[in-house]
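> Sending over a structure as structure tokens; questions will come in a sec.
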Amino acid sequence: MTEGVKIELPKIASELEKVNFRDIYYEEDPQLVNCMVLGEQIDNEVIDKVFLSKVIFKNVTLMDASFYKIDMTDVIFENCNLSNARLREGIVHRVAFKECKLLGSDFSGANLRNVSFKNCNLNLSNFSDAHLKQVSFDESSLTSAKFYNCKLSKIDLNHCDINNVNFTKTMLKGIDISSCTFEQLIVSLDNLNGCEVSSHQAIGFSKLLGLKVKD
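Below, the structure written as structure tokens:
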């Protein structure tokens, strides 16, 4: 992890009651607190303003689910499938995604802080207009993900595939992408100012300036 970037881990009790996610339908205000959801299939559900606190999701499928303005604090997703899940304008704080599939997931307009993605598939995911602070992407795939007009602060990109990621209107100052792999990025040269790259990557970017590099 980049030096100086510290991610606060979710704070969850060692013993949690196992519940069914659909119990949330019986709550006047949809919420789950201090519990664990195991092995459920929760596809295509639409629930706005869900509140989750101190919850573990394990082997759960949430494909095409819509949770507009979700509020999550101290939550772990382990080996879950959130492909095409919509979490627009959500609050995501102290949340860990481990070995999860988030293909095409939508975090646009969300506020993410102290969030970690470990060994996740985030291809085609959308973080447009989101604010990410103290967020780590570790050994994950972000091919063709969109970070359009994002505010990034203390971000760790460690050994990720970021090929064809769209960083349009997003400043990359202080972001270290030197361990990442990519063939191309969608980014303006102005927004690359202060971005940390490897020597090999620097040669590639120099071609964008029309420079001819000689050995």
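When we follow my numbering, the leftmost residue of the sequence shown carries the number -6, and every step to the right adds one.
No residue lacks a Cβ here, since even glycine has one placed at the ideal position from N, Cα and C.
No experiment lies behind these values; they were computed from the predicted model shown.
Measure the alpha-carbon distance for Leu145 versus Leu75 and round it to whole angstroms.
In a straight line, the C-alpha of Leu145 is about 23 Å away from that of Leu75.
> Among Ile40, Met29, Ile63, which residue has its Cα nearest to the Cα of Asn52?
It is Met29.
> Using the C-alpha atoms, what's the distance from Asp149 back to Ser133?
Going by the C-alpha atoms only, they are around 11 Å apart.
> Please work out which residues of its chain come closer than 6 Å, Cβ to Cβ, to Phe100, disregarding the five sequence neighbours upstream and downstream, and give them in chain order.
Contacts found: Leu80, Phe120, Ala123.
> Give every residue of the same chain whose Cβ lies closer than 6 Å to the Cβ of Leu105, excluding the five residues on either side of it in the sequence, and list them in chain order.
Around Leu105: Val85, Leu125, Val128.
> Need the endpoints of the beta strand (DSSP E) that Leu9 sits in, please.
Taken as a continuous stretch (DSSP letters only), Leu9 belongs to no beta strand (DSSP E), as it is neither H nor E.
> Specify the secondary structure class of Ala89 as computed by DSSP and reduced to three states.
It is a strand residue.
> Just to confirm the assignment: which complete beta strand (DSSP E) runs, minimum length 3, are found wholly within the region 126 to 159?
Within the region 126 to 159, the complete beta strand (DSSP E) runs of at least 3 residues are 144 to 151.
> Using a Cβ-Cβ cut-off of 8 Å (strictly less than) and excluding sequence neighbours within five positions of Val(-2), which residues of its own chain qualify?
These residues qualify, in order along the chain: Gln127, Ser129, Lys147, Ile148, Asp149.
> Once you ignore the five residues that flank Asp131 on each side, which residues in its own chain have a CB closer than 8 Å to its CB?
Met(-6), Ser109, Phe110, Lys111, Asn112, Asp149, Asn151, His152, Cys153, listed in sequence order.
> Go ahead and pull the three-state DSSP assignment for Asn119.
Asn119: strand per DSSP, three-state reduction.
> Using the Cβ count rule (16 or more neighbours within 10 Å means buried), how would you classify Gly32?
By the 10 Å Cβ count, Gly32 comes out exposed.
> Please name the residue or residues paired with Arg106 in a DSSP beta bridge.
The partner list for Arg106 (beta bridge, DSSP) reads His86, Lys126.
> At the level of alpha carbons, what is the spacing between Phe198 and Val26?
Distance between the alpha carbons of Phe198 and Val26 is about 47 Å.
> Starting from Gln24 and walking both ways along the beta strand (DSSP E), at which residues does that stretch end?
Segment 24 to 31, the beta strand (DSSP E) holding Gln24.
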